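Encoded as structure tokens, the structure appears first; notes follow it.
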Amino acid sequence: MSAMTSDAAAPSAALVRNGDALLEPRRWTMFVVLLVGAFLPPLDFFIVNVALPSIRVDLGASSSAEQLVISSYAALYAVTLTTGGRLGDLFGRGRVFFLGLIGFAAASTLCGFAWSPWALVAGRVLQGVTAAVMAPQALASVQAIFPDREKPLALGVYGAIFGLAAVIGQALGGVLIALDLLGLGWRAIFLINLPVAALVLLFGVPLLKETRARDARRLDPGGMALSVLALGALLVPLIEGREAGWPLWSWLSLAGSPLLAWLFWRYETRLARAGGSPLLDPSVLRAPGLGRALLIALLFYSIGGFFQLFSVYLQEALHVTALQAGLVFLPFGAGFLLGPLSTPFLRRFCGAYVNPIGMGLEVVGFLGLAGLLAATLSGAHPAPTPLAALLFVIGFGQGLALPTLMRMVTGRVAPAFSGMIAGIASSTLQVSTALSVAVIGGIFYEVLGARTDPAAITQALIVAVLCIAVCLAGGAALSVTLVRRAPPPHGEA
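Quick note: full-length UniProt numbering has the sequence shown finishing at residue 493, numbered continuously throughout.
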């Protein structure tokens, strides 16, 4: 089914005919504009980490406020992604993208000129919500504006954007703080978003043609509220619980999340039967193989806790600076950048098996890293060349697998639901990251105990790395079983 026959689009001066489908000739230019929405959210997640010590000194932030600078953004971003994707389906992906971008720029301004820790947290909350509004539109547009033959390349570019954000985000924060542009210090990491947003608005508004679901109807405020409550009840304690010592509220919240999820599902089912327009259409989730694809996505981002734990190892066991620690991740970022760009080429030889191959490479990389750490003397630096090679393999494998994984998920539903499924896929990855930080991070600190010596940190990291490898191996095995099934009705896996 053609995307242009399933989604309504604004009239174009010259549509290109491709069989029975009419293709937008500016689709690649439109996609590049929308990719800014995929680039800025992960960039602003990574870039803040190295700035936290400067923020603490300048604003006098407590440890709890410092943690909220990270967790408030991550939590609000995760719980509103599905809503952001559905808004694009209903009101037009271009319009929603630009509104999200303007809101993100306003939030970045508040962060950049924050006068207190809580003003900064408020800005980060607004950043998380507006990032979730603009981020799903790029992934949704892949289904809406590209023919099947171009989707692998588009998804490869989409995946590479995350690698680029990882490369830049790990180092840019430290560089901006070191340069102290105009005496701004850490504030520059937020204010740098403003010229980017201005340029995208200036050049993007005339270029972007509107796409939306043809049968767009009304918002689902009840579903939006219940989805935020259900995801929030799960994610907030996972993000905040360990730092707060797992207080009673965190356990009550986790216990209540299944009930809220059930209430959300029941509400959406009743709304769909009554002929309404649910935020999450239950019929979409019944697409063959979609549940298994989402489970693979849940296992895929078990790597989420690795960055924090490896940074702990680098800074507390090896005593490198924050900027040096960020630079150590560059081989991973380079691999993550190159992997998605290689996906269309490898699909010619491996077909849909690119995803399990990519996840398998990650497993090999993490097992090799565990071996390298075990062979390194306590407190000594691992050999730089093998370390860089292993991090590159891990990044390349993740970048290789990501575009195919996204197609496994988004390709199983009709293009009219592109925004909805893009939000669901992105939310699943965020939940996976939170679970990784909570569960694998918890295992790390349980093994570490009260010790802080380099040998104990190294041992705890080895255990955590092996846990990540097990999760990825499970995802790769599930991916193989999914690939062997018949292809889904709305696109090849």
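Heads up, the beta-carbon is just placed ideally off N, CA and C, and yes, glycines get one too. The model shown is predicted, which means the values in this text are computed figures rather than measured ones.
For the 9 Å CB-CB criterion, R407 and K151 form a contact. Between L235 and A65, the CB-CB gap reaches or exceeds 9 Å. Rounded to the nearest angstrom, the gap between the Cα atoms of V57 and R26 is 48 Å. For A107, the uninterrupted alpha helix (DSSP H) segment begins and ends at 93-112. Judged by DSSP in its simplified three-state form, A244 adopts coil rather than helix or strand. The region 416-490 is shown to contain whole alpha helix (DSSP H) runs of 4 or more residues at 418-435, 441-448, 454-483, in chain order. Separation of P331 and A274 (C-alpha to C-alpha, rounded to the nearest whole angstrom) is 53 Å. Burial is judged here by how many other beta carbons sit within 10 angstroms of a residue's own beta carbon; R412 has at least 16 and is buried. Nearest neighbour of Q143 by Cα position, chosen from A135, V133, A154, M134, turns out to be A154. Q137: member of the alpha helix (DSSP H) spanning 136-145, first to last residue.
In this structure, L263 sits away from R86, with a CB-CB distance that is not shorter than 9 Å. Between the region 455-462 and the region 369-376 there are three or more inter-stretch CB-CB distances shorter than 8 Å, so the stretches are counted as touching. Secondary structure note for G371: its alpha helix (DSSP H) is the uninterrupted segment 354-375. Distance from the CA of A352 to the CA of W265, rounded to the nearest whole angstrom, comes to 31 Å. Only buried fits S253, as 16 or more other CB atoms lie within 10 angstroms of its CB.
With respect to Q315, G358 sits apart: the two C-beta atoms are not nearer than 9 Å. Annotation: the continuous alpha helix (DSSP H) that includes S342 extends over 330-350. Under the three-state reduction of DSSP, T29 is assigned to helix. Pairing A122 with I161, the inter-Cα distance amounts to about 27 Å. Taking C-beta separations shorter than 8 Å and ignoring five residues to either side along the sequence, the partners of V483 in its chain run G351, A352, Y353, N355, P356, A493, following chain order. Taking each of S432, V463, P454, A388 in turn and checking the Cα distance to E446, the smallest one comes out for V463. With a cutoff of 9 Å on beta-carbon distance, M134 and F190 are scored as not near each other. Runs of the alpha helix (DSSP H) spanning 4 or more residues and lying entirely within the region 56-91 occur at 63-91, in chain order. P117 and V480 have their C-alpha atoms roughly 47 Å apart. The region 224-239 and the region 434-449 touch, with three or more beta-carbon pairs separated by less than 8 Å. Classified as buried, V69 has 16 or more neighbouring CB atoms from the shown chains inside 10 Å of its CB.
The residue among S72, F113, T29, R218 with its C-alpha nearest the C-alpha of V125 is S72.
Boundaries of the alpha helix (DSSP H) around V284: 282-285. Relative to G441, the option among G173, P454, F307, L52 whose CA is nearest is F307. Around the Cβ of W186, a 10 Å sphere holds 16 or more other Cβ atoms; the residue is buried. With contacts defined as CB atoms closer than 9 Å, A325 and S342 fail to qualify as a contacting pair. The C-beta of G60 has fewer than 16 other C-beta atoms within 10 Å across all chains shown, which makes the residue exposed.
By alpha-carbon distance to G395, the top candidate from F336, L298, A261, C467 is F336. Residue range 384-410 is occupied by the alpha helix (DSSP H) that includes T404. In the same chain as G112, and ignoring 5 residues on each side of it, the C-beta atoms closer than 6 Å to its own belong to R187, F190, L191, in chain order. For G291, the enclosing alpha helix (DSSP H) starts and ends at 290-300.
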